[in-house]
Every structure is written in structure tokens, then in C-alpha cells.
Ligand SMILES: [Fe+2]
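Numbering (the numbering used here), first residue to last: 178 to 501.
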């Protein structure tokens, strides 16, 4: 549409009364002149009105075009927004799907881990049952008893705990300790059960049980500590033991602990060739061997346990217990 001044001007022109100049000479000439002037004025007004309507039409067309452009732009924006909304929805769905997949995968992994744990536990039980059978064979041959092995295990666990070892190691040292003499299965009965002093040759055969024990326990990780214990439980802190003459911390800690527990229990148990010593006598012998046969730290821990009455309690508890 045109601006305000154009509009005002048009209105003025349309509303103005015709200023007709009337000549003094009368007759038809005068009337003709008036008519001509009126006609010319009417034509001017019509031209102006026509021009105005053309302008208005142009303005209207312009306005319509702008409005159409705005509507088009609006629709394009709307379309864009809808597309964005769709994309956002799809993105959210994808994300939700990813999370679901991730959760499923995690659950599957947890199930697999649980199965693995169960399988490991089963394997461990199988291993321990295998040990029991091995030990049964060994003890029958050696004429030691299940109670001896159980007491050794309890002493070993008590010492390991007293030395501040973590729970898993305490347990591992415990079950490993019961296999220390497993190699005796290979030792001939007449040597094993001899009630008299052994000859050097016979003693060499006895020494072999450490090496045989280590070999019998194979190469599984589960028996790593048990192998070290079987091999080293007759080694001495001062290097005078067998079969390798290792000394000090060359000997595994598990074997150093088993050594104290095994000797103490052998001394305080009745054997075919000797009576049982009292706990005090056994303790005195262990104390005497500190720093020579035994690791002083292990002996100190054992003395603590003895003072606290734990050794006596284990002796009483295991008296009536069964190993198998
Ligand atoms: Fe032994």
C-alpha cells in the first residue's frame, strides 16, 4: 500500500467540489463548456482513482507476497523443527537401545563370571578331595594319623595368622601343609616303619620323599605352595637340612612355618619308636632350635600362641576330630 501522504492527497482530490469557471456569454456554448470541464474533471478523478487502485493492488500484491514468504519461511522452519524433533526422538531411542544392549551384555558377563566362580570352586573342591585321597594313602603307609596332619594344619594357620598374613595365604598355607609328606608313598615300608636308627643309605632314601612329593604335586598353580612345602619342609634355617641345603629366606615362608608345626607335633605325639613328649618339652626343643633349625620369627609367633593357650586348645580340639 502507498504511504500516508499519497492516500491523503487522493482523498482530497476525490472530495473537492468541481471549480467550474462559467463564462458570461450564455447559450449552448456555455453549457458545452461546462460539460467539457466537468468531463475533463471526471476523467482526471477517474485517472487518479484508477492510479490509486493500481497502487493499492500493487501494495496488496506486495503484502500478499511478503506474507506468503513469511508463511513459507514459517513452514520451512516448522518442517525443520519437526525433522529435528524426529531426529531427537530417534537419537533418544538409539541411546535407550544402546543402554539396553550394554545392560544385557553386562548381565551376560556377570552370569559368565558367576559360572566361572562356581567352576573354580568346584575345581578347588576336586583338588582338595584329591588331596584327601593322597593323604589317606600316605598316612596309612607312614603310620602317622589324620589327627597329626590336622594339628599341623591348625598350627600352620595359627602361625600364619599371627605373622599377619592375609586370609587367602593363611588358608593356602593350611591346605598346602597337609601334603608335606605325600612323597612318602614311594618310601619302602621297612625304612618308613623302622624302629631302629637308620643307616646313611636308608636316610638317603628317606630324604627322597621331599623330591618325590614335589614331583607328585605336578605343575598346577593350585599346588605351587604345596610343592614348595613338600620340597623344603626338612630344610633348616642354618642351611644344614635336606634335600637342597637351602638356608634362611631361601626356604619359602610356608615351609619354614610347616617345619616348626611338623616337628612340634612329631615330638608331642607317640610314634612306634618313641613316647609322646609333653607340650612343655616340645616347646623347649622348638625354642632351642630358633635361629638354627627354625626361622626365629616363626618360633616367636609359635611361642606367642603357646602363651595364649592356642596351641593347647588346638591339641584338645583335634584329639577327637577326623580328617576325612
Ligand atoms: Fe617329611
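All C-beta atoms, glycine included, are put in the ideal place defined by N, C-alpha and C.
Near ligand 1: residue i beta-carbon under 7 Å from a heavy atom
i: residue 358; result: yes
i: residue 411; result: yes
i: residue 386; result: yes
Distance between beta carbons of residue j and residue i, contact taken as under 8 Å
i: residue 385; j: residue 363; result: 7 Å
i: residue 436; j: residue 399; result: Wrong, their Cβ atoms sit about 22 Å apart, outside the cutoff.
i: residue 333; j: residue 491; result: Actually they are not in contact, since the Cβ atoms of residue 333 and residue 491 sit about 10 Å apart, beyond 8 Å.
i: residue 381; j: residue 360; result: Going by Cβ atoms, the distance from residue 381 to residue 360 rounds to 14 Å, so no, they are not a contact pair.
i: residue 456; j: residue 489; result: 6 Å
i: residue 441; j: residue 459; result: 5 Å
i: residue 352; j: residue 305; result: 6 Å
i: residue 383; j: residue 394; result: Not a contact, Cβ separation roughly 19 Å.
i: residue 355; j: residue 312; result: 6 Å
The alpha helix (DSSP H) enclosing residue i, as first and last residue numbers
i: residue 326; result: 323-339
i: residue 442; result: 430-444
i: residue 461; result: 456-465
i: residue 407; result: 401-409
i: residue 378; result: 377-393
i: residue 352; result: 344-354
i: residue 483; result: 473-484
i: residue 368; result: 366-369
Between the CA atoms of residue j and residue i - distance to the nearest angstrom
i: residue 469; j: residue 282; result: 59 Å
i: residue 446; j: residue 462; result: 14 Å
i: residue 233; j: residue 266; result: 48 Å
i: residue 231; j: residue 238; result: 10 Å
i: residue 226; j: residue 236; result: 15 Å
i: residue 295; j: residue 335; result: 28 Å
i: residue 426; j: residue 307; result: 30 Å
i: residue 252; j: residue 246; result: 10 Å
i: residue 481; j: residue 396; result: 36 Å
i: residue 466; j: residue 438; result: 13 Å
i: residue 484; j: residue 416; result: 29 Å
i: residue 430; j: residue 286; result: 37 Å
i: residue 215; j: residue 249; result: 50 Å
i: residue 191; j: residue 210; result: Note that residue 191 has pLDDT 48, beneath the 50 cutoff, so the model's placement of it is unreliable and the number below is only indicative. Each residue's alpha carbon lies about 22 Å from the other.
i: residue 358; j: residue 387; result: 7 Å
i: residue 365; j: residue 346; result: 34 Å
i: residue 193; j: residue 223; result: Caution applies to residue 193, whose pLDDT of 46 falls short of 50 and renders its modelled position unreliable; the value that the coordinates give is listed next. Going by the C-alpha atoms only, they are around 13 Å apart.
i: residue 403; j: residue 271; result: 54 Å
i: residue 255; j: residue 244; result: 16 Å
i: residue 297; j: residue 464; result: 41 Å
i: residue 451; j: residue 292; result: 51 Å
i: residue 474; j: residue 448; result: 28 Å
i: residue 444; j: residue 302; result: 32 Å
i: residue 476; j: residue 284; result: 50 Å
i: residue 428; j: residue 279; result: 49 Å
i: residue 263; j: residue 241; result: 32 Å
CB contact check: residue i to chain D, cutoff 8 Å
i: residue 452; result: Of the chains in the structure shown, none is chain D; there is only one protein chain.
Margin query: Taking 8 Å as the cut-off, does the stretch 368-381 touch the stretch 397-415 (at least 3 CB pairs, one atom from each stretch)?
Written below: no
Notebook entry, point to check: Do the stretch 337-344 and the stretch 417-429 meet, that is, are 3 or more Cβ pairs less than 8 Å apart?
Noted result: no
Notebook entry, point to check: Is there contact between the stretch 272-279 and the stretch 324-337, where contact requires at least three CB pairs shorter than 8 Å?
Noted result: no
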